[in-house]
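Asker: Chains as they are written, first to last, in the numbering used here: chain L, 1 to 146; chain S, 1001 to 1408.
Take this structure first; my questions come after.
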Amino acid sequence: MSNDHLMNNFESTLSYAELLDLFEKAKGWEEKYRQIMLLGKQLKRPDGSLLIEANQVEGCESQVWMVIQKQENTLNIIAYSDSKIVRGLVGLLLIAIRELKLEEIAVFDAEAFFQTLKLESHLSPSRTNGLKSLIDHMIAAAKNEI
Amino acid sequence: MVSNEVLLEYQAQFPFLNQSIDKPIVYLDSAATTQKPKCVIDALNQHLLNFTANVHRGGHRLGREATAQFEAARIAVQGFINAKHAHEIIWTSGTTESINQLANILSGQIQPGDTIVTSILEHHANFVPWQQMAQRQNANFCVVPLDESQTTVCMKSFRQMLEKQPKIVALSHVSNALGTIHEIKTLCQLAKNAGAFVIVDGAQAIGHLPIDVQALGCDFYTFSGHKMYAPDGIGVLYGREDLLEALPPWQFGGEMVKRVSVEETTFNQLPYKFEAGTPNISAVIGLHTAIDFLTQFDQSQRLTHEQQLLHAMYDGLLEIDGICLLSPRENNVGVLSFTVEDEHHADIAMMLDQFDIAVRAGHHCAMPLMGALGTSGSTRASIGLYNTKEDIDYFIQSLNKTIRLLTV
Chain L
1 MSNDHLMNNF ESTLSYAELL DLFEKAKGWE EKYRQIMLLG KQLKRPDGSL
51 LIEANQVEGC ESQVWMVIQK QENTLNIIAY SDSKIVRGLV GLLLIAIREL
101 KLEEIAVFDA EAFFQTLKLE SHLSPSRTNG LKSLIDHMIA AAKNEI
Chain S
1001 MVSNEVLLEY QAQFPFLNQS IDKPIVYLDS AATTQKPKCV IDALNQHLLN
1051 FTANVHRGGH RLGREATAQF EAARIAVQGF INAKHAHEII WTSGTTESIN
1101 QLANILSGQI QPGDTIVTSI LEHHANFVPW QQMAQRQNAN FCVVPLDESQ
1151 TTVCMKSFRQ MLEKQPKIVA LSHVSNALGT IHEIKTLCQL AKNAGAFVIV
1201 DGAQAIGHLP IDVQALGCDF YTFSGHKMYA PDGIGVLYGR EDLLEALPPW
1251 QFGGEMVKRV SVEETTFNQL PYKFEAGTPN ISAVIGLHTA IDFLTQFDQS
1301 QRLTHEQQLL HAMYDGLLEI DGICLLSPRE NNVGVLSFTV EDEHHADIAM
1351 MLDQFDIAVR AGHHCAMPLM GALGTSGSTR ASIGLYNTKE DIDYFIQSLN
1401 KTIRLLTV
């Protein structure tokens, strides 16, 4: 973990409650996808120096890069993917942990979170899309910093 | 156009098309594996229910029956690919094992400085075993590049490589990533004239094209059952009798020996010399049924049907903005690989999945080819005999929607 604080690349200001509300109101899967794509759009491509193999997590079909830093009592996560859908899922995750403290991130239940949003099973964290690794790293980093 | 009755006849045999438990799936991933017809599923069941016994071992009635069916399957495969002898058919677990077995038994033929030729279009299964063999034996590893069409091997480069008198030439009959049918007969003959052992990876050809190994003139031909409507876990290594007689076995164990003592072991005759251990008996019987299934249809009618769907899909894709087709329209078994400008192939496949369409996204186990084409991967839609014009129309329509959904 680096000590220099990196600029966060996620520009959405949506709160967790607003997110839940948005998905509650979404009619059908196409609308949910649209919201995910819109969130993904707000995950900006970070500086190329971060998109290196050392920052890559194990994905299969798409690639995911991430850097996790401790910031006061929480984590600053800079993540990116070459897949638009995965970028949107990363956005969901960043909103989910936005208001959480290290102790809460350490016990974060990703499965329950994605179930709350009632997403199709293939949009949940998996080895294939790399999100599972990202969550594992995030939880490990939080535990390590407590 | 193939008549409706013929099409219904194809479809009626596939239970997966009529599943009521879930939404129907438009399956356009037959290049990865084909769905199984009811007769194949029934054959597996029947075997396991009534004839479970090991082959070539017990003298009991069940064992005799299982052995008879098992050897009848070998004769069916011999006929299907027009091999000269049934004992030229070796059972393996699939194309991958067939090629790895070859790369092992041919090791003794390769000296340091020898040349091994393969192509940039190969599936990793027909690339990595030869690359590793070359490294082990200090041999030269030569890879035939793409020609100007970017869909098949460059004949000029191939001829140049043959001047080095390679010991091994290993090429695919059909590209798994692009669907291209290569000029395999010409390639085989040129390689034979140069004195090489010629190996053909027929994994993507076997479910579509008529195969005649004697006419091709190759030394070895390999394929998998699961890409020709048969069960998985069964494959074939065809080898010319004289070569198989002369080459050493790779795996040792039961069935492949004649006599074993503390001092020495003598090996069984062909094909058993190359079949150590208990084979996948039920899958062998399933493969026989799949051959009967395929040969009941008129071959040219079956191909025409697949070609019509391929052309409809190709022309439909051409009309979509931003599509780049990597596959050729002609000389193609029914596989279309494409990229969409500014979109990730995984996103396209994920979104199509949402429309209940099964396609493959990625490098298709052909990373050298993807590198040569300057892409990290593609989306691949591939056709089986059960597909319909409606499937293709729905695919094109859903792909249009997919692109719209991805560009909010």
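Cβ coordinates follow ideal geometry from the N, Cα and C atoms, glycine included.
Every value quoted in this text rests on a predicted model; they were computed, and no experiment measured them.
Can we say the segment 1140-1160 of chain S touches the segment 1084-1102 of chain S, given the rule of at least three CB pairs closer than 8 Å?
Answerer: At 8 Å Cβ cutoff, the stretches do not touch.
Asker: With 16 as the cutoff for other CB atoms within 10 Å, does S:Gln1228 come out buried or exposed?
Answerer: The amino acid at residue 1228 of chain S is misidentified as Gln; the sequence shows Met. So S:Met1228 counts as buried.
Asker: Does DSSP put S:Met1351 in a helix, in a strand, or in coil?
Answerer: helix
Asker: Can you name the residues of chain L whose CB is closer than 8 Å to the CB of S:Val1408?
Answerer: Arg34, Met37, Leu38, Lys41
Asker: Going by other Cβ atoms of all chains shown within 10 Å of its Cβ, with 16 needed for buried, is S:Gln1132 buried or exposed?
Answerer: The C-beta of S:Gln1132 has fewer than 16 other C-beta atoms within 10 Å across all chains shown, which makes the residue exposed.
Asker: For L:Ser198, return the contacting residues in chain S, with the cut-off set at a CB-CB distance below 7 Å.
Answerer: Since the first and last residues shown for chain L are 1 and 146, residue 198 of chain L lies out of range.
Asker: Quick one: residues in its chain with C-beta nearer than 6 Å to the C-beta of S:Pro1328, no 5 flanking neighbours on either side, listed in chain order?
Answerer: Thr1151, Thr1180
Asker: Pull out every residue of the segment 3-33 of chain L whose Cβ sits closer than 8 Å to any Cβ of chain S, in chain order.
Answerer: Trp29, Glu30, Tyr33
Asker: How is S:Ser1337 classed by DSSP in three states: helix, strand or coil?
Answerer: In the structure shown, S:Ser1337 falls within a strand segment according to DSSP collapsed to helix, strand and coil.
Asker: I need the DSSP call for L:Asn8, collapsed to helix, strand or coil.
Answerer: coil
Asker: Quick one, are the C-beta atoms of S:Val1213 and S:Ala1191 less than 8 Å apart?
Answerer: no
Asker: If I measure Cβ to Cβ from L:Phe23 and keep anything under 6 Å in the same chain, skipping five residues before and after, which residues do I get?
Answerer: Leu117
Asker: In the structure shown, what three-state DSSP assignment does L:Met1 receive?
Answerer: Low confidence applies here, because L:Met1 scores a pLDDT of 49, under 50, leaving its location unreliable; read the following figure in that light. Note: L:Met1 maps to coil in three-state DSSP.
Asker: To the nearest whole angstrom, what separates the beta carbons of S:Ser1172 and S:Gln1204, a pair I think is in contact under 8 Å?
Answerer: 7 Å
Asker: Please decide whether L:Asp82 counts as near chain S, where near means a Cβ-Cβ distance under 8 Å.
Answerer: Chain S, which has a Cβ nearer than 8 Å to the Cβ of L:Asp82, makes this yes.
Asker: From S:Asp1391, S:Met1256, S:His1047, pick the residue whose C-alpha is nearest to that of S:Arg1057; which is it?
Answerer: S:Met1256
Asker: Grouping DSSP H, G and I as helix and E and B as strand, with all else coil, what is S:Val1359?
Answerer: coil
Asker: Just curious, the alpha helix (DSSP H) that S:Gly1286 is in, first and last residue?
Answerer: Its alpha helix (DSSP H) spans residues 1281-1295.
Asker: Using a Cβ-Cβ cut-off of less than 9 Å, give me the residues of the segment 1385-1405 of chain S that come near chain L, in sequence order.
Answerer: Of all residues in the segment 1385-1405 of chain S, Lys1401, Leu1405 have a Cβ within less than 9 Å of some Cβ in chain L.
Asker: Could you tell me whether the Cβ of S:Ala1031 comes closer than 8 Å to any Cβ of chain L?
Answerer: S:Ala1031 is outside the set of residues whose beta carbon lies under 8 Å from a beta carbon in chain L.
Asker: Taking S:Ile1332 as the reference, give the member of S:Gly1384, S:Ile1357, S:Cys1365 with the closest Cα.
Answerer: The question names Ile, yet the displayed sequence has Asn at residue 1332 of chain S. That would be S:Gly1384, whose Cα lies nearest to the Cα of S:Asn1332.
Asker: Apply the 10 Å Cβ neighbour rule to S:Asp1321 and answer buried if 16 or more other Cβ atoms are within range, or exposed otherwise.
Answerer: S:Asp1321 is exposed by the Cβ-count criterion.
Asker: Going by the beta-carbon positions, is the gap between S:Leu1303 and S:Glu1343 smaller than 8 Å?
Answerer: Judged by beta-carbon spacing, S:Glu1343 lies beyond the 8 Å limit of S:Leu1303, meaning their Cβ atoms are not closer than that value.
Asker: So S:Gly1362 contacts chain L; which residues on that side make the cut at Cβ distance below 7 Å?
Answerer: Glu61
Asker: What residues of chain L sit near S:Gln1354, judged by a beta carbon separation below 7 Å?
Answerer: Trp29, Glu120
Asker: Hey, is the segment 1218-1234 of chain S in contact with the segment 1246-1265 of chain S, meaning 3+ C-beta pairs nearer than 8 Å?
Answerer: Short answer: they don't touch.
Asker: Leaving out five residues before and five after S:Asp1347 in sequence, what residues of the same chain have Cβ atoms less than 7 Å from its Cβ?
Answerer: Leu1406
Asker: Using the DSSP secondary-structure output, state which residues sit across from L:Leu102 in a beta bridge.
Answerer: Among the bridge pairs identified by DSSP, L:Leu102 is matched with none.
Asker: Who does S:Val1143 pair with in a DSSP beta bridge?
Answerer: S:Thr1118
Asker: If you run the structure through DSSP and keep just helix, strand and coil, what is S:Tyr1229?
Answerer: Coil at S:Tyr1229, not helix or strand.
Asker: Taking the alpha carbon of S:Ala1076 as the point to measure from, which residue in S:Gln1301, S:Ile1291, S:Leu1318, S:Lys1401 has its own alpha carbon closest?
Answerer: S:Ile1291
Asker: Using DSSP bridges, identify the partner residues of S:Trp1091.
Answerer: S:Val1236
Asker: Please go through the same chain and pick out, in chain order, the residues whose beta-carbon is closer than 7 Å to the beta-carbon of L:Lys32, but skip the five residues on each side of it.
Answerer: Phe23, Ala26, Leu119
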